[in-house]
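Report on the structure given below.
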Amino acid sequence: MLKFYMVTFLIMIYCFLILYLYTLYRYNMGLTQIRKQKRQDIIHRVSVIVCAHNEEVNLPECLGKLALQNYPGNKVEFIIVNDRSTDRTPQIIDAMCRKYSQFKGIHIYDELEYFAPKKRAIDTAIGYSSGEIILLTDADGRPGPDWISAMVSYYSEDVDMVLGYAPYEVIKKDPIPKKILALEYLSHASISAASAGAGYPITCVGTNMSYRKKVYLELKGFGPYRSIKSGDDDLFLTLVRESGRYKITYAPAAAAHVHNRPPETWEQFFNQRIRYASKGFDYPFKVTFSLIMYYIFYLLIFVGFIIGLFKQAVFYNTLAVFLIKSLADILFMIKAGFLIEDRRFLHWMPLAELLHLPYVLTFGLLGQIKQYRWADSDKKPSD
18 MLKFYMVTFL
28 IMIYCFLILY
38 LYTLYRYNMG
48 LTQIRKQKRQ
58 DIIHRVSVIV
68 CAHNEEVNLP
78 ECLGKLALQN
88 YPGNKVEFII
98 VNDRSTDRTP
108 QIIDAMCRKY
118 SQFKGIHIYD
128 ELEYFAPKKR
138 AIDTAIGYSS
148 GEIILLTDAD
158 GRPGPDWISA
168 MVSYYSEDVD
178 MVLGYAPYEV
188 IKKDPIPKKI
198 LALEYLSHAS
208 ISAASAGAGY
218 PITCVGTNMS
228 YRKKVYLELK
238 GFGPYRSIKS
248 GDDDLFLTLV
258 RESGRYKITY
268 APAAAAHVHN
278 RPPETWEQFF
288 NQRIRYASKG
298 FDYPFKVTFS
308 LIMYYIFYLL
318 IFVGFIIGLF
328 KQAVFYNTLA
338 VFLIKSLADI
348 LFMIKAGFLI
358 EDRRFLHWMP
368 LAELLHLPYV
378 LTFGLLGQIK
388 QYRWADSDKK
398 PSD
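Just so we're aligned: the sequence shown equals residues 18 to 400 in the numbering used here.
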């Protein structure tokens, strides 16, 4: 009987490996499609939106970067939303609006029970916007001077939404954990680009994303997700994708990146990752089911190594599955790193593979039982 269970377990883990490799194959094809897309040389009217809650430290640099954008001044406006800040954020916004005519400030002082704060801030800003293209970033984002031009260049006539990359600002002198975090963020961007190229985008970041204003209006904003505190990015992406009416693509060019600071403390790291994982059951069934299968695969590998302490055959088979998976991951990440133009820490992939197993299992569970707020006065705001 014990042998039967062992054989059944090994069959399961190999079946999950095959499904995993097939998914990576589809994503590799998706990266190829993103590489093939042609950029446009068209000037659109753009509304850049930044929502800030107690961001007096980060906001000045972000606004300074926006003021230096190489984009026609009569074709862009910057709408900065103060969302219930208790620090100097309102004064910083007002000073910028007095200095530059393209900047507009909006102040929100209360909170609505049925409308998540950040989603409400975005919705309010879009209501005041005049641009054809809505371009979003966070108060701690640092876009390069050609950010707007680069993102807009991916709007061919049939494209309605463009997703972007927000790499962590990490240098060689930084400690290894920050480098692993930067690599993990690249993997997130890789999945975003690959899934978009494959025709079914599943994730994005609010630090760097855009869509046509008409898309937001036609979908009536955040719809059923408006009260969920997180998900102003990927849950809205879900609405756009599931409508079946709009084309979504990805902007891999380095000029389209918005640099972003990694969590500075372990508390920030845990809160951010729990927030990311908390939305798993808010997605459509197809995505949620895929995430569950992904989690089960990792759980099977973990259990396989535990059983392998007592059964040598199980250990070697589990190790083989883990090594094959890791090799496939590394090859995929190399291709994505070249496409997205971020290859800084790919040499840390072997270590990242070892850490990723407990990472996924831990935060996948904690994300379902922990609560969070989108921003606190002493914490980094959410995406």
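All residues carry an ideal CB built from backbone N, CA and C; glycine is no exception.
Alpha-carbon to alpha-carbon, residue j and residue i
{"i": "Ser247", "j": "Cys221", "result": "13 Å"}
{"i": "His70", "j": "Thr141", "result": "15 Å"}
{"i": "Leu404", "j": "Phe253", "result": "This structure gives no information on residue 404, because the portion of the chain shown stretches from 18 to 400."}
{"i": "Met113", "j": "Tyr202", "result": "31 Å"}
{"i": "Gln385", "j": "Lys92", "result": "43 Å"}
{"i": "Arg43", "j": "Ser295", "result": "26 Å"}
{"i": "Asn288", "j": "Arg278", "result": "15 Å"}
{"i": "Ala345", "j": "Pro301", "result": "27 Å"}
{"i": "Asp191", "j": "Leu234", "result": "43 Å"}
{"i": "Ser147", "j": "His61", "result": "11 Å"}
{"i": "Asp155", "j": "Ala369", "result": "27 Å"}
{"i": "Ser394", "j": "Ile66", "result": "Bear in mind that a pLDDT of 35 at Ser394, under 50, signals an unreliable position, so the number given afterwards is only what the model happens to contain. Cα-Cα distance, rounded: 21 Å."}
{"i": "Ser227", "j": "Phe349", "result": "26 Å"}
{"i": "Leu326", "j": "Leu336", "result": "12 Å"}
{"i": "Ser343", "j": "Arg115", "result": "53 Å"}
{"i": "Ile318", "j": "Leu256", "result": "33 Å"}
{"i": "Thr266", "j": "Glu174", "result": "12 Å"}
{"i": "Glu130", "j": "Ala167", "result": "37 Å"}
{"i": "Phe298", "j": "Leu308", "result": "9 Å"}
Closest residue to residue i among the options (Cα-Cα distance)
{"i": "Lys264", "options": "Phe286, Gly223, Asn225 and Gly216", "result": "Gly216"}
{"i": "Thr25", "options": "Gly321, Ala199 and Ile219", "result": "Gly321"}
{"i": "Phe132", "options": "Leu378, Val257 and Phe239", "result": "Phe239"}
{"i": "Phe355", "options": "Val65, Phe286, Lys231 and Ser204", "result": "Ser204"}
{"i": "Leu363", "options": "Lys189, Pro241 and Lys231", "result": "Lys189"}
{"i": "Gln50", "options": "Pro77, Ile357 and Trp365", "result": "Ile357"}
{"i": "Asn75", "options": "His276, Pro367 and Lys195", "result": "His276"}
{"i": "Tyr376", "options": "Leu198, Ala271 and Trp365", "result": "Leu198"}
{"i": "Pro269", "options": "Gln54, Leu41 and Leu27", "result": "Gln54"}
{"i": "Asp359", "options": "Leu200, Asn334, Lys342 and Met366", "result": "Leu200"}
{"i": "Pro184", "options": "Lys195, Glu174, Asp175 and Met178", "result": "Lys195"}
{"i": "Ala13", "options": "Met366, Lys352 and Thr379", "result": "Absent from the structure is residue 13, since the part of the chain shown begins at 18 and ends at 400."}
{"i": "Tyr293", "options": "Asp250, Arg258 and Tyr267", "result": "Asp250"}
{"i": "Val176", "options": "His124, Phe120 and Arg258", "result": "Arg258"}
{"i": "Ala272", "options": "Lys20, Arg56 and Asn45", "result": "Arg56"}
{"i": "Glu72", "options": "Thr106, Pro89 and Tyr182", "result": "Thr106"}
{"i": "Gly223", "options": "Val232, Val187, Glu186 and Tyr182", "result": "Tyr182"}
Neighbour-count burial assignment, residue i, 16 or more Cβ in a 10 Å radius
{"i": "Gly214", "result": "buried"}
{"i": "Thr282", "result": "exposed"}
{"i": "Ser14", "result": "The question about residue 14 has no answer, for the chain in this structure spans 18 to 400."}
{"i": "Leu48", "result": "buried"}
{"i": "Ile30", "result": "buried"}
{"i": "Gly261", "result": "exposed"}
{"i": "Ser118", "result": "exposed"}
{"i": "Asp127", "result": "exposed"}
{"i": "Asn99", "result": "buried"}
{"i": "Ile28", "result": "exposed"}
{"i": "Tyr22", "result": "exposed"}
{"i": "Ile291", "result": "buried"}
{"i": "Gln108", "result": "exposed"}
{"i": "Gln86", "result": "buried"}
{"i": "Phe339", "result": "buried"}
{"i": "Met46", "result": "exposed"}
{"i": "Glu94", "result": "buried"}
{"i": "Ala330", "result": "exposed"}
Short Cβ contact (9 Å threshold) for residue i with residue j
{"i": "Arg208", "j": "Ile219", "result": "First, the amino acid is wrong: residue 208 is Ile here, not Arg. Yes."}
{"i": "Leu152", "j": "Ile165", "result": "yes"}
{"i": "Gly158", "j": "Lys82", "result": "yes"}
{"i": "Ala138", "j": "Cys68", "result": "yes"}
{"i": "Phe314", "j": "Leu34", "result": "yes"}
{"i": "Lys136", "j": "Tyr39", "result": "no"}
{"i": "Asp104", "j": "Gly122", "result": "no"}
{"i": "Tyr311", "j": "Tyr37", "result": "yes"}
{"i": "Lys237", "j": "Glu149", "result": "no"}
{"i": "Ser170", "j": "Ile341", "result": "no"}
{"i": "Pro160", "j": "Asn225", "result": "yes"}
{"i": "Leu378", "j": "Leu316", "result": "yes"}
{"i": "Arg101", "j": "Pro77", "result": "no"}
{"i": "Ser64", "j": "Ile96", "result": "yes"}
For residue i: DSSP bridge partner residues
{"i": "Tyr376", "result": "For Tyr376, which the question treats as bridged, DSSP gives no partner whatsoever."}
{"i": "Glu94", "result": "Ser64"}
{"i": "Arg159", "result": "His276"}
{"i": "Lys264", "result": "Val176"}
{"i": "Ala69", "result": "Asn99"}
{"i": "Arg229", "result": "Ile150"}
{"i": "Lys121", "result": "Ile96"}
{"i": "Tyr185", "result": "Asn277"}
{"i": "Leu129", "result": "Phe132"}
Contact with chain D by residue i, beta-carbon distance below 9 Å
{"i": "Leu41", "result": "Although the question refers to chain D, the structure presented lacks it and comprises just one protein chain."}
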